[in-house]
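One structure below.
Protein chains: 2
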Amino acid sequence: MKEWEEQFRAFLRGRGLTFTPERRAVLEEIFAEHGHFDVETLHDRLRSRGSRISIATIYRLIPLLTESGMIRPATLRDGHPTYEHLFGHRPHHHLTCVRCGKVVEFRQEEIEKILDKICGRHGFSPFDYRLGVRGVCAACRKEETG
Amino acid sequence: MKEWEEQFRAFLRGRGLTFTPERRAVLEEIFAEHGHFDVETLHDRLRSRGSRISIATIYRLIPLLTESGMIRPATLRDGHPTYEHLFGHRPHHHLTCVRCGKVVEFRQEEIEKILDKICGRHGFSPFDYRLGVRGVCAACRKEETG
DNA sequence: TTGCGATTGTTAATCATTCTCAATATAAGG
DNA sequence: CCTTATATTGAGAATGATTAACAATCGCAA
Ligand SMILES: [Mn+2]
Ligand SMILES: [Mn+2]
Ligand SMILES: [Zn+2]
Ligand SMILES: [Zn+2]
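Residue numbers (our numbering), protein chains in the order written: chain A, 330 to 475; chain B, 330 to 475.
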């Protein structure tokens, strides 16, 4: 059994909830590929694999997946949230190209150290850093100028 | 005339748009107090001052205010966007307490320098950094533990 | 003053998300 | 195996914030 499945089952058990086929299918699909997804895309992907799952079920699952640490909100895409699987991945941040939508992930511990200091100075206990940089990627800039 | 009004008028003129009483009222209200506001709150504030302005007009104004540099999106509050006035203020970042909603603003040029380097490494031209830290403030933590 | 595009308020439409509800599935106990 | 009490699901209705349509005004330039 995949370790994320094990952890999610444990989470559900702890809440008196059950690990159903639908929940298994969603979990599998989330870890099937790396990248940012929104609810509708996830639903489409499941359907195209033959699942008859309802989109309402996926909406209902999002909070459970988040609270269990399976996924986290990633960025906003046209105003609605996208998510990414979290289990087994170090936290990271995002550069987003506002033209083509390309997303580059990067990791920077130095920044987090600085932020920890700032939080301490204000008496804050941080548990989540969200660092979004919006800009224009090299390809789009070339297209723009050229 | 307030300098932001002057700048907003210039922006509108450049687009062949007009500076109306409604637009003046909204602009005044935005600079009347410091803090993060959402569209509904702004509408309420205007109404409570006797204005009969429609909320649709405010929604229509948001893009113009953003593009002219009068405001910028700040953070999400319960899923919908909040804004803050920008003119005359240095960019800054936010610590948000997830319990009480308190927001602390801070400025950190060191981080921006690091991010510039990272962007350069990936060929990105950044034009906006959004740094959100979520955590628990001192007061809420005391309440929690105590 | 006239003419024309911009602006506004009202109202209807959109659209993602949430809710309702009746039908099933699940797990535990007998 | 049955039984029963909950949890879960899918379908479709409801919600609520945001946008769009539209007819009535407004503001500015000729
Ligand atoms: Mn990511
Ligand atoms: Mn702020
Ligand atoms: Zn690009
Ligand atoms: Zn607090």
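Yeah, the Cβ is synthetic: ideal placement off N, Cα and C, and Gly gets one too.
Should residue i be flagged as near chain A, meaning a C-beta pair shorter than 9 Å?
i, result
"B/Leu-424", "yes"
"B/Gln-437", "yes"
"B/Asp-457", "yes"
"B/His-365", "no"
"B/Cys-429", "no"
"B/Ile-391", "no"
"B/Ala-467", "yes"
"B/Leu-460", "yes"
"B/Val-433", "yes"
"B/Arg-470", "yes"
"B/His-372", "no"
"B/Ile-440", "yes"
"B/Gly-379", "no"
Hey, is residue i close to ligand 4, as in C-beta under 8 Å from one of its heavy atoms?
i, result
"B/Lys-431", "yes"
"B/Arg-428", "yes"
"A/Ala-403", "no"
"A/Cys-448", "no"
"B/Val-465", "yes"
Apart from the five residues on each side of it in sequence, which residues of its chain come closer than 6 Å, Cβ to Cβ, to residue i?
i, result
"A/Val-432", "His-423, Thr-425"
"A/His-365", "Ala-403, Thr-411, Glu-413"
"A/Ser-397", "Phe-337, Phe-340"
"B/Phe-348", "Arg-338, Leu-341"
"B/Leu-460", "His-422"
"A/Cys-429", "Cys-469"
Ligand 2 heavy atoms versus the CB of residue i: any closer than 8 Å?
i, result
"B/Glu-441", "no"
"B/His-421", "yes"
"B/Glu-434", "yes"
"A/Thr-369", "Note on identity: in this sequence residue 369 of chain A is Glu, with Thr being the wrong assignment. Answer for A/Glu-369: no, Cβ out of range of ligand 2."
"A/Glu-396", "no"
Under the criterion of a Cβ to heavy atom distance below 8 Å, does residue i qualify as lining ligand 1?
i, result
"A/Ala-361", "no"
"B/His-451", "no"
"A/His-365", "yes"
"A/Glu-472", "no"
"B/Glu-358", "no"
"A/Glu-335", "no"
Could you check if residue i belongs to the surroundings of ligand 3, using beta carbon to heavy atom distance under 8 Å?
i, result
"A/Val-462", "no"
"A/Ala-468", "yes"
Just confirm the distance between the C-beta atoms of residue i and residue j, as a whole number of angstroms; I'd bet it's less than 8 Å.
i, j, result
"B/Gly-410", "B/Pro-402", "Residue 410 of chain B is actually Pro in this sequence, not Gly. That pair is a contact at about 5 Å."
"A/Ile-440", "B/Ile-440", "6 Å"
"B/Cys-448", "A/Gly-452", "Incorrect: roughly 31 Å between the Cβ atoms, too far for contact."
"B/Arg-470", "A/Ser-454", "6 Å"
"B/Ile-382", "B/Glu-351", "5 Å"
CB-CB under 8 Å to residue i, same chain, minus the five flanking residues each way: which ones, in chain order?
i, result
"A/Val-462", "His-422, His-423, Leu-424, Thr-425"
"B/Ile-500", "There is simply no residue 500 of chain B to check, as chain B begins at 330 and stops at 475 in what is shown."
"B/Gly-464", "Leu-424, Thr-425, Cys-426, Val-427"
"B/Arg-353", "Glu-334"
Can a CB atom of chain B be found closer than 9 Å to the CB of residue i?
i, result
"A/His-421", "no"
"A/Ser-397", "no"
"A/Leu-415", "no"
"A/Leu-356", "no"
"A/Ile-443", "yes"
"A/His-418", "no"
"A/Ile-505", "Residue numbering for chain A in the displayed model covers 330 to 475; residue 505 of chain A lies beyond these limits and cannot be assessed."
"A/Arg-463", "yes"
"A/Ser-454", "yes"
CB of residue i to nearest heavy atom of ligand 5: below 8 Å?
i, result
"A/Trp-333", "In terms of ligand content, the structure shown lacks ligand 5 and carries ligand 1, ligand 2, ligand 3 and ligand 4 instead."
Going by beta carbon distance, what residues of the same chain come within less than 7 Å of residue i, once the five residues before and after it are set aside?
i, result
"A/Ile-477", "Chain A is shown only over 330 to 475; residue 477 of chain A falls outside these bounds and no answer can be derived."
"B/Tyr-458", "Glu-441, Leu-444"
"A/Asp-407", "none"
"A/Gln-437", "His-422"
Problem set entry | Unbroken stretches of the beta strand (DSSP E), 3 residues or longer, contained in the region 374 to 437 of chain A | Entirely contained in the region 374 to 437 of chain A, the beta strand (DSSP E) runs reaching 3 residues are, in chain order, 400 to 406, 409 to 414, 422 to 426, 432 to 435.
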